[in-house]
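Novice:
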Amino acid sequence: MKGLSIKQKILALAMLPLLLLALAGAWTGFDQARDLRDLGRDTLRQSLLDARRDQLANYMELALSAVEPALARGEPERAKDLLRALRFDGDSGYFFVYDTHGVQVVSGDNPSREGNDYWSSSTPDGRALVQEYIEAAKRGGDYLEYGWTKPGQDAPSPKLAHVVPVPGTDWVLGTGFYIDDLDALVAALDEEFAGALRESLMRGGFSVVLLLGLVVGLVMLLVRSIHAPLGQAVSTMEDIARGEGDLTRRLDESSGHELGALATSFNRFAEQVRHLVRQTRESSDTLGRASEELEAFMAGIGQGIDTQHRESDQLATATEEMSGAAQQIAGSASSAAQAARDAEHRVDEARSLVGGATAEIRGLEGQVAEGVATIRQLGSESENIGGVLDVIRGVAEQINLLALNAAIEAARAGEQGRGFAVVADEVRTLAGRTQSSTAEIQGMIERLQGGAREAIAVIEQIRQGCARSVAEVARVGQALEAISEAAGIINGMNAQIADAAAEQTRVCESINHNVHQIVTIAQHTAESSHTANGITQRLAEMAGGLQRLVGRYRAD
Numbered sequence: 004m005k006g007l008s009i010k011q012k013i014l015a016l017a018m019l020p021l022l023l024l025a026l027a028g029a030w031t032g033f034d035q036a037r038d039l040r041d042l043g044r045d046t047l048r049q050s051l052l053d054a055r056r057d058q059l060a061n062y063m064e065l066a067l068s069a070v071e072p073a074l075a076r077g078e079p080e081r082a083k084d085l086l087r088a089l090r091f092d093g094d095s096g097y098f099f100v101y102d103t104h105g106v107q108v109v110s111g112d113n114p115s116r117e118g119n120d121y122w123s124s125s126t127p128d129g130r131a132l133v134q135e136y137i138e139a140a141k142r143g144g145d146y147l148e149y150g151w152t153k154p155g156q157d158a159p160s161p162k163l164a165h166v167v168p169v170p171g172t173d174w175v176l177g178t179g180f181y182i183d184d185l186d187a188l189v190a191a192l193d194e195e196f197a198g199a200l201r202e203s204l205m206r207g208g209f210s211v212v213l214l215l216g217l218v219v220g221l222v223m224l225l226v227r228s229i230h231a232p233l234g235q236a237v238s239t240m241e242d243i244a245r246g247e248g249d250l251t252r253r254l255d256e257s258s259g260h261e262l263g264a265l266a267t268s269f270n271r272f273a274e275q276v277r278h279l280v281r282q283t284r285e286s287s288d289t290l291g292r293a294s295e296e297l298e299a300f301m302a303g304i305g306q307g308i309d310t311q312h313r314e315s316d317q318l319a320t321a322t323e324e325m326s327g328a329a330q331q332i333a334g335s336a337s338s339a340a341q342a343a344r345d346a347e348h349r350v351d352e353a354r355s356l357v358g359g360a361t362a363e364i365r366g367l368e369g370q371v372a373e374g375v376a377t378i379r380q381l382g383s384e385s386e387n388i389g390g391v392l393d394v395i396r397g398v399a400e401q402i403n404l405l406a407l408n409a410a411i412e413a414a415r416a417g418e419q420g421r422g423f424a425v426v427a428d429e430v431r432t433l434a435g436r437t438q439s440s441t442a443e444i445q446g447m448i449e450r451l452q453g454g455a456r457e458a459i460a461v462i463e464q465i466r467q468g469c470a471r472s473v474a475e476v477a478r479v480g481q482a483l484e485a486i487s488e489a490a491g492i493i494n495g496m497n498a499q500i501a502d503a504a505a506e507q508t509r510v511c512e513s514i515n516h517n518v519h520q521i522v523t524i525a526q527h528t529a530e531s532s533h534t535a536n537g538i539t540q541r542l543a544e545m546a547g548g549l550q551r552l553v554g555r556y557r558a559d
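Numbering follows our numbering, with no gaps: position 452 of the sequence shown is 455.
1. Roughly how many angstroms lie between the CA atoms of residue 67 and residue 137, to the nearest whole one?
2. Going along the chain, which unbroken runs of the alpha helix (DSSP H) with 4 or more residues stay wholly within the segment 160-214?
3. Going by C-alpha distance, which of 159, 197 and 194 is nearest residue 563?
4. Quick one: what's got a C-beta closer than 8 Å to residue 538's C-beta in the same chain, skipping five residues either side?
5. Between the Cα of residue 421 and the Cα atoms of 275, 150, 164 and 507, which residue gives the shortest distance?
6. Determine, using beta carbons only, whether residue 291 and residue 546 come nearer to each other than 7 Å.
7. Should residue 430 be labelled buried (16 or more other beta-carbon atoms within 10 Å of its own) or exposed?
8. Can you say whether residue 272 is buried or exposed, counting buried as having 16 or more other CB atoms within 10 angstroms of its CB?
9. Write down the C-beta distance between residue 540 and residue 298 rounded to the nearest angstrom, noting that I regard them as a contact closer than 8 Å.
10. Which of helix, strand or coil does DSSP assign to residue 472?
11. Which residue marks the beginning of the alpha helix (DSSP H) containing residue 80, and which one marks its end?
12. In this structure, how does DSSP classify residue 103 when only helix, strand and coil are distinguished?
13. Thinking just about the alpha-carbon of each residue, which of 48, 376, 445 and 435 is nearest to the one in residue 163?
14. How would you write the range of the alpha helix (DSSP H) that residue 148 sits in, first residue to last?
15. Which residue marks the beginning of the alpha helix (DSSP H) containing residue 134, and which one marks its end?
16. Quick one: using the 10 Å Cβ neighbour count with 16 as the cut-off for buried, is residue 622 buried or exposed?
17. Pairs of beta-carbons, one from the segment 399-407 and one from the segment 431-439, closer than 8 Å: are there three or more?
18. Evaluate residue 174 with the Cβ neighbour count: other Cβ atoms within 10 Å of its Cβ, from every protein chain shown; 16 or more gives buried, anything less gives exposed.
19. Can you give the Cα-Cα distance for residue 56 and residue 65, rounded to whole angstroms?
20. Pick out whichever of 503, 219 and 189 has its Cα sitting closest to the Cα of residue 21.
21. When DSSP labels each residue in this structure, what does residue 96 get in the three-state scheme?
22. Between which residues of its own chain and residue 101 is the CB-CB distance below 8 Å, once the five residues before and five after are set aside?
23. Could you say if the segment 142-162 and the segment 181-196 meet the contact criterion of at least three C-beta pairs nearer than 8 Å?
24. Near residue 502, what residues of its chain come up, given a Cβ to Cβ distance below 6 Å and the 5 sequence neighbours on each side ignored?
25. Can you tell me the Cα-Cα spacing of residue 99 and residue 187, whole angstroms?
26. Look up residue 439 in the DSSP assignment and say whether it is helix, strand or coil.
27. Could you give the DSSP three-state label for residue 120: helix, strand or coil?
28. Indicate the three-state DSSP secondary structure (helix, strand or coil) for residue 228 in the structure shown.
29. What is the DSSP secondary structure of residue 2, counted as helix, strand or coil?
30. Rounded to the nearest angstrom, what separates residue 251 and residue 28 at their Cα positions?
31. Under 7 Å between the Cβ atoms of residue 410 and residue 427?
32. Do you know offhand how far residue 524's Cα is from residue 287's?
33. Where DSSP assigns a beta bridge to residue 562, which residues make up the other side?
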């Protein structure tokens, strides 16, 4: 039923009850006619059979009335002769007599059978006929139907017999005739009735077909009145479903029945769909424009993120370079501090030597030879002091250069490097002072060496030069003291520079760590930007698809 159309269902709904009703009526009529035929056949046969029974009863009354006087006179043989002579039905009918022991007393058709015992004899179908005769007579008389073979035939034919007891005797008087003509008559009447029944059924079938044709015509008109609006609705719905729908089309609402209500509901639905399509079209247009703007915005964000990523890499590189420079400054400051400590140690040694020289000059003014040796030793030590001064000068120059670099890096560091810049400027000042003192000491040593050479050249002038030598040595001691103090100051400044460089290294490492975090975040942001850009593109594609989809419908 699910695969049938409404037209087919309406036809089936109209035709099936009529067909079932016609079939039921035909079957009922046929069954009733068959029952009526069977009843008529049975009634006719029974009527004919009753007529034959009445006929046998009349024959039996005639026979009894014929033998009753002879039996009353005690002449049974006379009665037997009368019964043998009685004929009816064109001499085919006769009478027979049996006693209650089954011995045949009279046989109207074959006297040679008289005196024989037929108690155990039976019919072709196995019935003990004589015993049934006797039993029927005991009941006061009765009729029996059985099959018996006619002369010249092999098959038994139906036969009707009537037996009664003979009053005053033990005789059972009976007679009978064949009734196969009754069945032939009944069969003929049955055939005639069947022909009438077939004719009646044909007339009834023609009437049913005519009625069905009329009903089919009316149903077709009804189906057409229902199917046409439904077809129009289906066509409109299919037009919409195929994607080329005209949502401005409307169905006819003039009919006042369910189809009119269906058309009204469909028109309302179409109007709502049209309104929805228009809103969807507007929304898709807005969504398309927003997708384009968002795509352009995301492209700008992506470019900015890429620029930020490159600048973050450059900043990380610069931070790493600054950290390396700070580590170099710390190492150089440590080396300078070690050199300053070495210079201080050597200044102490020189000061000790100067003190010893002063004591020797004062104590050994008379020992010229020893004085010459001492002077030579003094010259040698002066040369050593010159080497130390060269080292101090180189250290001071290096410190000055490092301080200059530190000032430059502090300027690059901005606000955080301001304090470091002040310290670097002080270091430069101290380095300059150290260079000045070194130059002054260098001059003193050169003069001391010149004096030593003069002392060696003019040994005679040693005594006069001893006082001057003592004074010069005293000044040398003072200069060495100043150098020692300067070396201590330089050592302290180097320690400060090393601490500042270490702090700067830690700051650079922290900055580098933060920069790397910024780079990582920038990478994640770039990936998110690319993902968002892909989503934006898909959103634009979806908006375009939605625009194409709703553009297939006509809503205006």
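Using N, Cα and C, we set each Cβ at its ideal position, and we do this for glycine too. These numbers come from a predicted model, not from an experiment.
Specialist: Checking against the coordinates, here is how it stands:
1. Residue 67 sits at position 64 when you count from the first residue of the sequence shown. Residue 137 sits at position 134 when you count from the first residue of the sequence shown. For residue 67 and residue 137, the distance between alpha carbons rounds to 17 Å.
2. Listed in chain order, nothing qualifies, since the segment 160-214 has no complete alpha helix (DSSP H) run of 4 or more residues.
3. The shown model of the chain, from 4 to 559, leaves out residue 563, and the question about it has no answer.
4. Taking the first residue of the sequence shown as 1, we reach residue 538 at position 535. If we look at residue 538 and ignore the five residues flanking it on each side, it has no Cβ neighbours.
5. In the sequence shown, counting from the first residue as 1, residue 421 sits at position 418. Cα-wise, what sits closest to residue 421 is 507.
6. Translated into the one-based positions of the sequence shown, residue 291 becomes position 288. Translated into the one-based positions of the sequence shown, residue 546 becomes position 543. Against a cut-off of 7 Å, the Cβ pair of residue 546 and residue 291 comes out as a contact.
7. Counting from one through the sequence shown, the residue named residue 430 turns up at place 427. Result: buried.
8. Within the sequence shown, residue 272 is the residue found at index 269, counting from 1. Note on residue 272: under 16 other CB atoms within 10 angstroms of its CB, so exposed under the neighbour-count rule.
9. Here residue 540 refers to the residue found at position 537 of the sequence shown. Here residue 298 refers to the residue found at position 295 of the sequence shown. Contact flag correct, Cβ pair sits at about 7 Å.
10. The residue you call residue 472 lines up with position 469 of the sequence shown. If DSSP states are grouped into helix, strand and coil, residue 472 belongs with the helices.
11. The sequence position of residue 80 within the sequence shown is 77, counting from 1. Residue range 79-88 is occupied by the alpha helix (DSSP H) that includes residue 80.
12. Position 100 of the sequence shown, counted from the start, is the residue given in the question as residue 103. Here residue 103 sits in coil by DSSP.
13. Here the question's residue 163 lines up with position 160 in the sequence shown. The shortest C-alpha separation from residue 163 is found at 48.
14. On the sequence shown, residue 148 is found 145 positions in, with the first residue counted as 1. Taken as a continuous stretch (DSSP letters only), residue 148 belongs to no alpha helix (DSSP H), being part of the beta strand (DSSP E) at 145-152.
15. Residue 134 sits at position 131 when you count from the first residue of the sequence shown. Counting along the chain, the unbroken alpha helix (DSSP H) around residue 134 starts and ends at 132-141.
16. Nothing can be reported for residue 622: it is not among the residues displayed for the chain, which extend from 4 to 559.
17. Here the segment 399-407 lies against the segment 431-439, with 3 or more beta-carbon pairs under 8 Å apart.
18. The count along the sequence shown starts at 1 and reaches residue 174 at position 171. When all chains shown are included, residue 174 counts as buried.
19. What you label residue 56 is simply residue 53 of the sequence shown in a count that begins at 1. What you label residue 65 is simply residue 62 of the sequence shown in a count that begins at 1. Between residue 56 and residue 65, the C-alpha separation is close to 14 Å.
20. Indexing the sequence shown from 1 puts residue 21 at position 18. Among 503, 219 and 189, the Cα nearest to that of residue 21 is on 219.
21. The count along the sequence shown starts at 1 and reaches residue 96 at position 93. Reduced to three states, the DSSP call for residue 96 is strand.
22. Against the sequence shown, residue 101 aligns to sequence position 98. If we look at residue 101 and ignore the five residues flanking it on each side, its Cβ neighbours are 107, 108, 121, 133, 136, 137, 174, 175 and 177.
23. For the pair of segments examined, the segment 142-162 was found to touch the segment 181-196: the number of CB pairs separated by less than 8 Å reaches three.
24. As a first step, residue 502 is located in the sequence shown; it is residue number 499 there, counting from the start. Nothing listed; no residue qualifies.
25. Here residue 99 refers to the residue found at position 96 of the sequence shown. Here residue 187 refers to the residue found at position 184 of the sequence shown. The straight-line gap separating the alpha-carbon atoms of residue 99 and residue 187 is approximately 27 Å.
26. Mapped onto the sequence shown, residue 439 falls at position 436. In the structure shown, the three-state DSSP call for residue 439 is helix.
27. Your numbering for residue 120 matches position 117 in the sequence shown. Residue 120: strand per DSSP, three-state reduction.
28. To locate residue 228, count along the sequence shown from 1; it is residue 225. Here residue 228 sits in helix by DSSP.
29. This structure cannot speak to residue 2, because the chain is shown only from 4 to 559.
30. The residue given as residue 251 occupies position 248 in the sequence shown. The residue given as residue 28 occupies position 25 in the sequence shown. Distance between residue 251 and residue 28, taken at the CA atoms: about 54 Å.
31. The residue you call residue 410 lines up with position 407 of the sequence shown. The residue you call residue 427 lines up with position 424 of the sequence shown. Going by C-beta atoms, residue 410 is nearer than 7 Å to residue 427.
32. Mapped onto the sequence shown, residue 524 falls at position 521. Mapped onto the sequence shown, residue 287 falls at position 284. Straight-line spacing of the CA atoms in residue 524 and residue 287 works out to 35 Å.
33. A question about residue 562 goes unanswered here, because the residues of the chain that appear run from 4 up to 559.
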